[in-house]
Every structure is written in C-alpha cells, then in structure tokens.
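Worksheet: one structure, shown below.
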Amino acid sequence: MFFSRTLIPTLKENPAEAEAVSHRLLLRAGLIRKLASGIYNYLPLGLRTLRKVEAIVREEMNRAGAQEVLLPAVQPAELWQETGRWQIYGKELLRFKDRHQRDCCFGPTHEEVITDLVRREVHSYRQLPLNLYQIQVKFRDEIRPRFGLIRGREFIMKDAYSFHADEADAEACYQAMYEAYNAIFRRCGLTFKVVEADSGPIGGSFSHEFMVLADTGEDLLASCTACAYAANLEKAEAPAPAVSGDAPPPGPPQEVATPGVRSVEEVAAFLQVQPQEIVKTLIYETEAGPAAVLIRGDHEVNEVKVRNLLGATDLILAGPEQVRELTGAQVGFAGPLGLAIPLYADQAVAALPRMVTGANRDGHHLTGVNLARDVNPVRVADLRVVTERDPCPRCGRALTILRGIEVGHIFKLGLKYSQSLKATYLDAEGREQFIFMGCYGIGVSRIVAAAIEQGHDADGIIWPAALAPAPVVLIPISLTDAPTREAAGKLHDDLEAAGLEVLLDDRDERPGVKFKDADLLGIPWRLVVGPKTLEKGQVELRHRRTRETVFVPVGDASRFVREKLSQELYG
RNA sequence: CGGGACGUGGCGCAGCCUGGUAAGCGUGCCUGCCUUGGGAGCAGGAGGUCGGCGGUUCAAAUCCGCCCGUCCCGACCA
C-alpha cells in the first residue's frame, strides 16, 4: 500500500466539531469524515480497521456455529405492526413512504425480519437450532448523536438471532455466544468487562453486556473489587439493609414549617437532620396512572428498577401541575401520608424507624414518620441506584463504579417475537410449538471508536495490532537516495509477499512529517530506512506503544517484524 | 424537546461590541529554488456570494428578524 496513492487526509489541528478523543483522532488520522450529524464516510484506512473487526467477528461467529446472512436495511411497516413495535418504537425509528405510499422504515434492528424469514422457512424441530447473523448498516435516529462513531445514527452492527426448540437449548446457545463474544473482544485487543444487564424493552429473562472500559464511556457499571460480580448500574442490586432495632417514634408525625425549603440538602440543614433520615417522594406518571416512589434522601432512584417493578413502558416524572393535583402541594413538599396513589418504597426507606417526609402542604414537612405505622400499604423493593459505599450483593466486599462503552449485548429473547409473529415448528410428537429465541449484538463501528478511546496518547492513535489498518508502516528517509529508495521498495515487497499489510510512506515529505503521521495513524510497527543505518546494513524498527527501538539487519527485517507481530497477536 | 455556544478560502481562527478605508492571520494547497532523522526556509500564486433568506441603512461579515446546519450540557432527584 502506497501512502501517496491512498486517500489519507490527516489533519494537524483538532477539528472544532470533535470533543471526544476517538472522534478527534478518527478525523485527524483521516479515517472518517462526517456527512451529516451522526452519519460518516469511512475512508480507506478507517474501512480497513472496520474490516479487521468484521473479520474477527465473522471468524468467531462461524466458529460458534452461526451462519451469515444479509437482511434488508429497508423494511415494510407491516412486520413492525405485527409485533406492535411500529407503535412502541418512538422517533428513533426512521420511517418513510415508498412511491406507492407504503410505510417503510430503515431497520434499527432486525428481529421482525429474521423471525419472518424463519417462520416461513422453518417448520420442524429437525431444522433447529439455527443461529443466523449478519453485519449490517443500521439506522437509529438518536435524540442526540455524539462522540463520532460512538453514538452515530447510522452505524454498523453485527446482529445474530438464534432459534431453538426449547429453553435449555436457547441457554446453551446463549452460553456459546457468551464465550464467542469473550473471544472476539479479546482478539480485538480490548480491555473489557462483562456485566449483567437489564434486558430492557426487548424483553427476556437475562442478558449480559460487554463493556470496553474507558473513562469517557457513556455507561456506568458496578464491579466488585473481590469477586466476579459486575453489573450495569441500571441493573446492579442494592443489598437489603439491616432492619433497625430502634423503636418507632413515640408520638404521631409532627408537621413542621419549612418555608421554601425543598431539596434534601436544604431540608437537612434546616431541620438539623442527616440526609439519610429524609425521604424523597417522587411522583411518576405511567400509562397505568400515577405512582409515588419513596427514596432515601442520600440515594438516587433507579428508574429502570421502577419501570420493571411497575411493569410500565412509559415512566416519566410528573410535572409541577400534576404534582400539585396529586399531592396538593408544589414540588418539594410531596410525602406519602394521605397520598391516594399506589406507593412504592425502596427497601432502605422501609428499614428506617423514623423519617422526615414532605407534608403535601406547601412549606411544610413531617418529622417522626414511620412507614409501617403511618402510611397506607406500601410495596417495598430495591428501587435505588447502588453506590461505591454499598457492598457487593454477592460477596459483601467493596464495589467500584467504572465507566464503559457498550460494544456487545446478548439477550435471551424467549417467545416474545415468535408469538407475535407466529413462528412455530412441529415437535417430534407433531405438536405445534413456538420457537425459542435469543439475540446477540455487537457494535462493529463502535468498536473502532472504543479501541481508540482505550488506545491513544498525545501523538495519536495506538491501535491494538489486530485492528490496525496495517500492522507496519515503512518510512524511507529520503527518496532521492537510491539505496534507501531501493531498500524500502524491496522491504515493502518482501513484507507483502509474506502476507503482511504494509503502508509505504512514499510521499515526497520531510522525515518529520512522516513520523508525525505514522504516530497519528497509530500503526503498531514502524520501519525506518535511511542512508545512515543502511550503511551499517540495518533498518530501524520502532514500536508505537512502547516507543522501543531496535536496529535489525535489512535482510532480517521482514522475518523480525512477522515474529514480533505474531507474538502480539497470538500471545 | 429545553439550555448554551458556534457558523468567515480545505482545516484552525481574528475581525462583529463601536456599520464605510477589513476580506485578514496561521496552516494546508499549487509553482520554483533550497532542504532532508520529529510537522524546515525563501520567493511567487490559486482559493472566500463572511451558513441561507428577509429587514434597517447612503452603506451590512458587523445591527435586527426568521430559517438551516453543527457542537456541548440536560432531558430523573422533590
């Protein structure tokens, strides 16, 4: 590969539009260019890395017994209406009409299409199990695309769907995918963590996410410092608190005037109590009506847990008008006493012998409230977000909160789509059964960005060897020096003949420019050919990450690089 | 959708408050000379309807309005 003949428009300066490291470097290294918000062109080197990721994903998926297919990007509305998602999926679903005024969408995911295919073609238990995957362009009209390839609207995803005669077989496949995913991310050279995840609106009983650890990650995860427990913060379980031995307060709740004092901090300061003695009453609206959620003042509500407990699809915090209507007071003074809507309390609230709550009266709070004694029946559950102060729910040791970028997610889907789309098979006894399903996604283009978030320094990208657009860059110091030019040309040919991709920087540029670009591009190995070292029959080999430099005989360079690389790729 | 910021040659920016003599800097690009181990130097040159539309004015990159685009924060803590 010749630098001078390849479109690699590197940038000296940071583009104004890019903030995140990976976004900046993807643009500066000339790997991508933006066409519109959240929509990017992949340039030759960016595409090469993308293909590297795809190849690893393919190999491991095939190895795990999955078969590749390619499904359409444009899908008819009818299928989505059949599963009900035409209604449920919000504005993220890009909808449009074809020339016949038929409703269509650009696929954000392919459960409908694949299930439709399988229901048409699979009718017998003899055809199961089946694991079909594709590497496809998806479109999700994100509220706010950001960070370049990390949250684009158009992106490339590997999605696999498996079909089974029974749940046990689906679980075996889930396990196989779990292992395949570990292999994939390991081979990509990423530092990642597998976490328990909420299965979300896709449904299903359990699921895992694969998180690339990076400080810039959008996701928070709780990870045990001692055992293997790790979970998305949305999912992480809070330990049940010890029940207090303290007796409830002697008298009934006391109303105290707290004019203009509404936040937990203000109430704590005003009443001279600890935040953990105060209880926040959050009023939610759901499709099934309003509900109140009680959370300790020093805790945060976990809306995913609330949503799951209530079985609600729509869950939004009530606005000031609804709060007044339901509580009789403005926001800041809501409390559980006398509320005529369903009450839900976090288990930490239920463990409090006495608490301070709003009085449902402007400018007033109640002290000495006891949940069991004073309040209407309350459903108690784990409804809060865990913190680093909480112990691990499995082993009791310390938890730590990390940031990650979600690059993979595996779900056990169950019968959700096979039932709504009537995908059935006949079992050995001739009975019609719904097909059991699983689904498994990998953000292929996101991996490219995640690898950069994890691998970079002040000079540019540091690719894992497996993902680099090319493993070697070859820099001739001078093009006018015939021996240098010839030696570089020969090395280039030798390396390519040995099956290595090599980027020969044949541009008529000064060495400094080439060094800077080589660093920016993040190519793992740099071979420099120059008159000085050539006199000694040597070339210089430098490692991008460690900056370690060795001089090797010209004749040995090709073999040497190959050895170094295979060490890096295969340990 | 709410808040904030931005939009001036390919890229990064200044000029705008205080309208005219402001189309300017750096970099990149082209030509030539020179140079060649960490983004060299000199000389010459190409390239911009100042995001769009409308308004105010004798006069608009500059003031006003609308629109479009882009980025950042938020869209949950009572």
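In this note's numbering, the protein residues as written are 726 to 1296.
Positions of the beta carbon are idealized from the N, C-alpha and C atoms, including for glycine.
DSSP, read as helix, strand or coil, puts Tyr-886 in strand. Rounded to whole angstroms, the gap between the alpha carbons of Phe-935 and Glu-1226 is 30 Å. Asp-1233 sits away from Lys-1239, with the two beta carbons spaced by 8 Å or more.
Out of His-889, Cys-1164 and Arg-1171, the CA that lies nearest to the CA of Gly-1129 is found in Arg-1171. Put simply, the backbone Cα of Leu-1220 is about 9 Å away from that of Val-1286. Scanning Lys-1005, Leu-1252 and Ala-1097 for the CA closest to the CA of Arg-1267 turns up Leu-1252.
Inside the region 1254-1284, DSSP marks whole alpha helix (DSSP H) runs of 4 or more residues at positions 1256-1260, from first to last along the chain.
Ser-762 counts as exposed, since fewer than 16 other C-beta atoms from the protein chains shown sit within 10 angstroms of its C-beta.
Relative to Gly-755, the option among Glu-807, Asp-1242, Glu-1028 and Thr-1112 whose CA is nearest is Asp-1242. At a cut-off of 3 residues, the continuous stretches assigned as beta strand (DSSP E) that sit fully inside the region 848-916 are 855-864 and 879-889.
Distance from the CA of Tyr-886 to the CA of Ala-897, rounded to the nearest whole angstrom, comes to 14 Å.
The alpha carbon of Asp-1071 has as its nearest neighbour, out of Val-1110, Ala-993, Asn-1085 and Leu-1042, the alpha carbon of Val-1110. With respect to the 8 Å criterion, Phe-1159 and Gln-1179 are not classified as neighbours on the basis of their beta carbons.
The bridge partners DSSP lists for Leu-1199 are Leu-1229 and Leu-1252.
Where Asn-1033 is concerned, the enclosing alpha helix (DSSP H) starts and stops at 1028-1035. C-alpha of Tyr-906 to C-alpha of Ala-1174: approximately 18 Å in a straight line.
Leu-1246 places its beta carbon 8 Å or farther from that of Cys-913. The beta carbon of Asp-1184 is closer than 8 Å to those of Lys-1241, Asp-1244 and Leu-1245 in its chain, skipping five residues each way along the sequence.
Secondary-structure assignment with DSSP links Arg-1021 through a beta bridge to Val-1004. The Cβ neighbour count for Arg-788, taken over all protein chains shown within 10 Å, is under 16; the residue is labelled exposed. Less than 8 Å separates the beta-carbon of Met-902 from that of Tyr-1165. Within the region 789-830, the complete beta strand (DSSP E) segments at least 3 residues long are 799-801 and 819-822, listed from N- to C-terminus.
Minimum Cα-Cα distance from Asp-1087 among the listed residues Ala-1222, Gly-985 and Asp-1115 corresponds to Gly-985. Ser-932 and Ser-924 have their C-alpha atoms spaced approximately 6 Å apart.
Taking a contact to require three or more Cβ pairs closer than 8 Å, the region 970-979 and the region 991-1003 do not qualify as touching. Counting every other CB atom within 10 Å of its CB across the protein chains shown gives Gly-1224 a total below 16, marking it as exposed. Judged by DSSP in its simplified three-state form, Asp-1071 adopts strand.
Between the C-alpha atoms of Leu-1138 and Met-1162 there is a straight-line separation of about 5 Å. Within the DSSP bridge table, the entry for Gln-1158 names Tyr-1150 as partners. Across the structure, Thr-1205 and Trp-1188 are spaced so that their CA atoms are roughly 31 Å apart. Counting along the chain, the unbroken beta strand (DSSP E) around Lys-759 starts and ends at 757-761.
Here DSSP, grouped into helix, strand and coil, assigns Ile-781 to helix. Taking C-alpha positions only, Gln-859 is separated from Asp-828 by approximately 24 Å. Remark: C-beta atoms of Thr-1006 and Thr-1082 approach each other more closely than 8 Å.
The shortest C-alpha to C-alpha distance from Asn-957 to any of Thr-916, Arg-871 and Asn-1027 is the one to Asn-1027. The count of Cβ pairs closer than 8 Å, one atom from the region 765-775 and one from the region 1257-1266, stays below three, leaving the stretches out of contact.
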